[in-house]
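Chemist:
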Amino acid sequence: MAANNTLQRVTIANGPAPYIGWALVDQLGRGMAGAEPSDWGLPGQIIDSTNLGSCTEAEIYPEFDGFESVFTKAWGM
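Numbers 3 to 79, taken from this note's numbering, label the letters of the sequence shown in order.
Printed below as a string of structure tokens:
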């Protein structure tokens, strides 16, 4: 329920938890190596009935698809 006893119509989704974990490990590694911190952001997305789809992670967070490869490439793996 939202304000005034009405149903919630919209929510905000932050990035997926695995991405946040990888980004934090990246920042920790940079700090331990004496490197400059990465300038990354965490985009959010408003979710409502027009873009909900079937609620798969790939549909809610399309910009994060395959994010692991960005980190492993940066780490020389």
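Every residue, glycine too, gets a C-beta built ideally from N, C-alpha and C.
#1: For E38, which residues in the same chain have their Cβ closer than 8 Å to its Cβ, ignoring the five residues on either side in sequence?
#2: Using only CA atoms, which one of T58, S40 and D50 lies nearest to W77?
#3: Which whole-angstrom value describes the C-beta separation of I62 and A25, a residue pair presumed to lie in contact below a C-beta threshold of 8 Å?
#4: From P18, T13, L9 and R11, pick the residue whose C-alpha is nearest to that of F66; which is it?
#5: With respect to the beta strand (DSSP E) encompassing Q47, which residues constitute its N-terminal and C-terminal limits?
#6: Quick check on DSSP: helix, strand or coil for A37?
#7: Grab me the residues of E59's own chain with a C-beta within less than 7 Å of its C-beta, minus the 5 sequence neighbours each way, in chain order.
Modeler: Judging by the given coordinates:
#1: Its chain contains R32 as the residues whose beta carbon lies nearer than 8 Å to that of E38, once the 5 sequence neighbours on both sides are disregarded; these appear in chain order.
#2: The shortest C-alpha to C-alpha distance from W77 to any of T58, S40 and D50 is the one to S40.
#3: With a Cβ gap of about 18 Å, I62 and A25 do not count as contacting.
#4: It is P18 whose Cα lies nearest to the Cα of F66.
#5: Note, Q47: beta strand (DSSP E), Q47 to I49.
#6: Coil.
#7: Closer than 7 Å at Cβ, skipping near neighbours: P18.
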